[in-house]
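Okay, so here's the structure we're looking at.
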Amino acid sequence: MSQSLFYLIAFLSIFFSLMVIFTKNPVHSVLYLIITFFTFTIHYILLNAQFLAIVNFIVYMGAIMVLFLFVLMLLNLNKDTEPAKSNLLKMAGVVAGMCLLVTLVGSVKALNVSNPVVLTNPGLGLVKNLGKVLFNEFLLPFEISSLLLLSAMVGAVLLAKKEA
Amino acid sequence: MENITQAIQGIPLNHYILLSAVIFAIGVMGVLIRRNAIVIFMSIELMLNAVNLLLTAFSAYRGDAAGQVFVFFIMALAAAEVAVGLAIIVMVYRNTNSIDINVLNKLKW
Amino acid sequence: MEAQSTPVNYLPIIFQMIVALGFVVVTMVVTHLVGPKRKTSDKLIPFESGIESIGNARQPFSIKYFLVAILFVLFDVEVIFMYPWAVNFRDFGWAGVIEMFIFMGTLLLGFIYVLKKGALDWE
Numbered sequence: 285m286s287q288s289l290f291y292l293i294a295f296l297s298i299f300f301s302l303m304v305i306f307t308k309n310p311v312h313s314v315l316y317l318i319i320t321f322f323t324f325t326i327h328y329i330l331l332n333a334q335f336l337a338i339v340n341f342i343v344y345m346g347a348i349m350v351l352f353l354f355v356l357m358l359l360n361l362n363k364d365t366e367p368a369k370s371n372l373l374k375m376a377g378v379v380a381g382m383c384l385l386v387t388l389v390g391s392v393k394a395l396n397v398s399n400p401v402v403l404t405n406p407g408l409g410l411v412k413n414l415g416k417v418l419f420n421e422f423l424l425p426f427e428i429s430s431l432l433l434l435s436a437m438v439g440a441v442l443l444a445k446k447e448a
Numbered sequence: 004m005e006n007i008t009q010a011i012q013g014i015p016l017n018h019y020i021l022l023s024a025v026i027f028a029i030g031v032m033g034v035l036i037r038r039n040a041i042v043i044f045m046s047i048e049l050m051l052n053a054v055n056l057l058l059t060a061f062s063a064y065r066g067d068a069a070g071q072v073f074v075f076f077i078m079a080l081a082a083a084e085v086a087v088g089l090a091i092i093v094m095v096y097r098n099t100n101s102i103d104i105n106v107l108n109k110l111k112w
Numbered sequence: 028m029e030a031q032s033t034p035v036n037y038l039p040i041i042f043q044m045i046v047a048l049g050f051v052v053v054t055m056v057v058t059h060l061v062g063p064k065r066k067t068s069d070k071l072i073p074f075e076s077g078i079e080s081i082g083n084a085r086q087p088f089s090i091k092y093f094l095v096a097i098l099f100v101l102f103d104v105e106v107i108f109m110y111p112w113a114v115n116f117r118d119f120g121w122a123g124v125i126e127m128f129i130f131m132g133t134l135l136l137g138f139i140y141v142l143k144k145g146a147l148d149w150e
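Protein chains in written order, with the numbering used here: chain A, 285 to 448; chain B, 4 to 112; chain C, 28 to 150.
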């Protein structure tokens, strides 16, 4: 029963991510992307990564996607501004994507690892455990990510406030 | 109760890899076939999330928390990327009154 | 108490979501089915306190809101790193405090820059 739950959720993620790229209206695209991220949250819960699920929910669905929606509303998109790409280019894009997919799937098949995911450590995804790893092994990346956020802040302010 | 818990973790690792590969490929296709800059950005988010899912699956498979910590960094990166990228899109819209990427062909030769 | 950590423990949350969603859907469907329908042109226009509606709802708005939203997202991401730190606060001791203060100091630098630049000034 639970295994079929995984396949159901996997099907839903693929379906909604296809809807993201094939709907004409960008606002609908954003909404479908939010649903896709929600299915990812369920995947994380199934994988026993609770903290990641919550963070995905709060940061991705709550903040980043709302920012996308916000920008979409900020720009004046009453008329359909997106002229369709020529069909030839679209076909070329789909073929290129399929080639990538076939390559990836082929290499997975060649590797032939098919052991089931068995949780060795049930407390793996808890906040306490993650914090210990984050602040011991990954201390330097953590500090550097603050620099990344700082530069993003400066960049965003500089770009969005051009007249000042 | 206990057997439900056990049954949830019986999915072959291959299926997680395949799922991530499919979603990543969908993201690549989205970048290639759409012209709206914001939709292209969303496709990039889709690709980042496919990688996040794969990292988490590997982390559960190996019993190593490092994979999940990587996902934090990817999320911080995604937030920074979105902030700067959307600011660039807004500037492009202010200057050209469109977010069609084919308008941005001044550097083409 | 040791924290439980199996997907089964999320069953109550799922039930709650189903109940919440089900309530909304059922109420909306039932009101549509039960209530009488008299559609006149006056009733179908959006109600704006008696004033006639003008123009489109999707007006482009000021860039200031956008700046605030972007800065919110950037500071929101800190939460990812704050929670694991806060939970392990006692175990890390002073070293953890110093590490977190370096992180927060860098972000505070960004905040000071934003304030100096006047990005949050409304006029």
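Beta carbons: idealized from backbone N, C-alpha and C, even for Gly.
Check whether the Cβ atoms of residue i and residue j lie closer than 9 Å to each other.
{"i": "MET349 (chain A)", "j": "ILE318 (chain A)", "result": "yes"}
{"i": "GLY409 (chain A)", "j": "LEU331 (chain A)", "result": "yes"}
{"i": "ASN52 (chain B)", "j": "ILE92 (chain B)", "result": "no"}
{"i": "VAL78 (chain B)", "j": "ILE107 (chain C)", "result": "First, the residue type needs correcting, since residue 78 (chain B) is Met and not Val in the sequence shown. In contact: MET78 (chain B) and ILE107 (chain C) (Cβ atoms closer than 9 Å)."}
{"i": "LEU351 (chain A)", "j": "VAL74 (chain B)", "result": "no"}
{"i": "SER429 (chain A)", "j": "LEU80 (chain B)", "result": "yes"}
{"i": "ALA333 (chain A)", "j": "SER62 (chain B)", "result": "yes"}
{"i": "PRO206 (chain C)", "j": "GLY381 (chain A)", "result": "Beyond the ends of chain C as shown, which are 28 and 150, falls residue 206 (chain C); an answer cannot be given."}
{"i": "VAL104 (chain C)", "j": "ALA82 (chain B)", "result": "yes"}
{"i": "VAL441 (chain A)", "j": "TYR140 (chain C)", "result": "yes"}
{"i": "MET244 (chain A)", "j": "GLY137 (chain C)", "result": "This structure leaves residue 244 (chain A) out entirely; chain A is present only between 285 and 448."}
{"i": "PHE93 (chain C)", "j": "LEU353 (chain A)", "result": "no"}
{"i": "THR307 (chain A)", "j": "LEU49 (chain B)", "result": "no"}
{"i": "LEU356 (chain A)", "j": "PRO310 (chain A)", "result": "yes"}
{"i": "GLU126 (chain C)", "j": "GLU427 (chain A)", "result": "yes"}
Distance, Cα to Cα, residue i vs residue j?
{"i": "VAL100 (chain C)", "j": "TYR344 (chain A)", "result": "10 Å"}
{"i": "LYS445 (chain A)", "j": "GLU75 (chain C)", "result": "34 Å"}
{"i": "SER435 (chain A)", "j": "LEU418 (chain A)", "result": "22 Å"}
{"i": "VAL389 (chain A)", "j": "ILE293 (chain A)", "result": "20 Å"}
{"i": "PHE322 (chain A)", "j": "THR133 (chain C)", "result": "32 Å"}
{"i": "SER23 (chain B)", "j": "ASN17 (chain B)", "result": "10 Å"}
{"i": "VAL53 (chain C)", "j": "ILE41 (chain C)", "result": "18 Å"}
{"i": "GLN43 (chain C)", "j": "VAL51 (chain C)", "result": "13 Å"}
{"i": "ILE102 (chain B)", "j": "MET32 (chain B)", "result": "19 Å"}
{"i": "LEU57 (chain B)", "j": "PHE295 (chain A)", "result": "16 Å"}
{"i": "VAL106 (chain B)", "j": "SER370 (chain A)", "result": "15 Å"}
{"i": "LEU432 (chain A)", "j": "VAL85 (chain B)", "result": "12 Å"}
{"i": "ILE14 (chain B)", "j": "ASN399 (chain A)", "result": "8 Å"}
{"i": "LEU35 (chain B)", "j": "ILE305 (chain A)", "result": "10 Å"}
{"i": "LYS144 (chain C)", "j": "VAL378 (chain A)", "result": "45 Å"}
{"i": "VAL339 (chain A)", "j": "VAL61 (chain C)", "result": "41 Å"}
{"i": "PRO63 (chain C)", "j": "LYS70 (chain C)", "result": "14 Å"}
{"i": "MET4 (chain B)", "j": "TYR19 (chain B)", "result": "Confidence at MET4 (chain B) is low in this model, with a pLDDT of 39, below 50, so its placement is unreliable and no value can be given for it."}
{"i": "ALA347 (chain A)", "j": "ASN115 (chain C)", "result": "26 Å"}
{"i": "THR8 (chain B)", "j": "TYR291 (chain A)", "result": "Annotation note: pLDDT 46 at THR8 (chain B) (below 50); position unreliable, coordinate value reported separately. If you take the alpha carbons of THR8 (chain B) and TYR291 (chain A), they lie about 16 Å apart."}
{"i": "ILE104 (chain B)", "j": "TYR37 (chain C)", "result": "43 Å"}
{"i": "ARG65 (chain C)", "j": "HIS59 (chain C)", "result": "12 Å"}
{"i": "ILE342 (chain A)", "j": "VAL401 (chain A)", "result": "26 Å"}
{"i": "ILE97 (chain C)", "j": "THR99 (chain B)", "result": "22 Å"}
{"i": "LEU135 (chain C)", "j": "VAL392 (chain A)", "result": "45 Å"}
{"i": "ALA448 (chain A)", "j": "PHE119 (chain C)", "result": "With a pLDDT of only 48 at ALA448 (chain A), under the threshold of 50, the placement of this residue in the model should not be trusted; the figure read from the coordinates follows. Between ALA448 (chain A) and PHE119 (chain C), the C-alpha separation is close to 43 Å."}
{"i": "LYS111 (chain B)", "j": "LEU443 (chain A)", "result": "23 Å"}
{"i": "ARG117 (chain C)", "j": "ASN420 (chain A)", "result": "15 Å"}
{"i": "ASN60 (chain B)", "j": "GLN287 (chain A)", "result": "Note that residue 60 (chain B) corresponds to Ala in the displayed sequence, not to Asn. One C-alpha to the other measures close to 15 Å."}
{"i": "SER301 (chain A)", "j": "LYS374 (chain A)", "result": "17 Å"}
{"i": "ALA394 (chain A)", "j": "ARG65 (chain B)", "result": "20 Å"}
{"i": "ILE129 (chain C)", "j": "MET94 (chain B)", "result": "33 Å"}
{"i": "GLU79 (chain C)", "j": "VAL124 (chain C)", "result": "58 Å"}
{"i": "PRO39 (chain C)", "j": "ASN413 (chain A)", "result": "24 Å"}
{"i": "ASN108 (chain B)", "j": "ARG97 (chain B)", "result": "16 Å"}
To which residues of the same chain is residue i closer than 8 Å at the C-beta, ignoring the five residues directly before and after it?
{"i": "VAL95 (chain C)", "result": "LEU147"}
{"i": "PHE44 (chain B)", "result": "VAL85, GLY88, LEU89, ILE92"}
{"i": "PHE422 (chain A)", "result": "none"}
{"i": "ALA69 (chain B)", "result": "SER62"}
{"i": "LEU289 (chain A)", "result": "LEU330"}
{"i": "ASN55 (chain B)", "result": "VAL74, ILE77, MET78"}
At a cut-off of 8 Å, would you count residue i as near the ligand ADP, judging by its Cβ distance to the nearest heavy atom?
{"i": "PHE422 (chain A)", "result": "The ligand ADP is not among the ligands present in this structure, which contains no ligands whatsoever."}
Using a Cβ-Cβ cutoff of less than 6 Å, which residues in the same chain neighbour residue i once the five nearest sequence positions on both sides are dropped?
{"i": "PHE102 (chain C)", "result": "none"}
{"i": "ARG37 (chain B)", "result": "ILE43"}
{"i": "SER46 (chain B)", "result": "GLY30, GLY33, VAL34"}
Using a Cβ-Cβ cut-off of 7 Å (strictly less than) and excluding sequence neighbours within five positions of residue i, which residues of its own chain qualify?
{"i": "VAL42 (chain B)", "result": "GLY33"}
Flag this pair as touching only if the segment 327 to 336 of chain A and the segment 303 to 316 of chain A have three or more C-beta atom pairs under 8 Å; answer yes or no. Segments in contact, no.
Check whether the segment 379 to 386 of chain A and the segment 28 to 48 of chain B touch, using three or more Cβ-Cβ pairs below 8 Å as the test. Inter-segment contact for the segment 379 to 386 of chain A and the segment 28 to 48 of chain B is present: three or more beta-carbon pairs are separated by less than 8 Å.
Which residue spans inside the segment 315 to 345 of chain A form an unbroken alpha helix (DSSP H) run of at least 4? Those alpha helix (DSSP H) runs which fall completely within the segment 315 to 345 of chain A and span 4+ residues are 334 to 339.
For a minimum of 4 consecutive residues, which ranges assigned as the alpha helix (DSSP H) are wholly contained in the segment 35 to 84 of chain B? As far as the segment 35 to 84 of chain B is concerned, its whole alpha helix (DSSP H) runs of at least 4 residues are 40 to 65.
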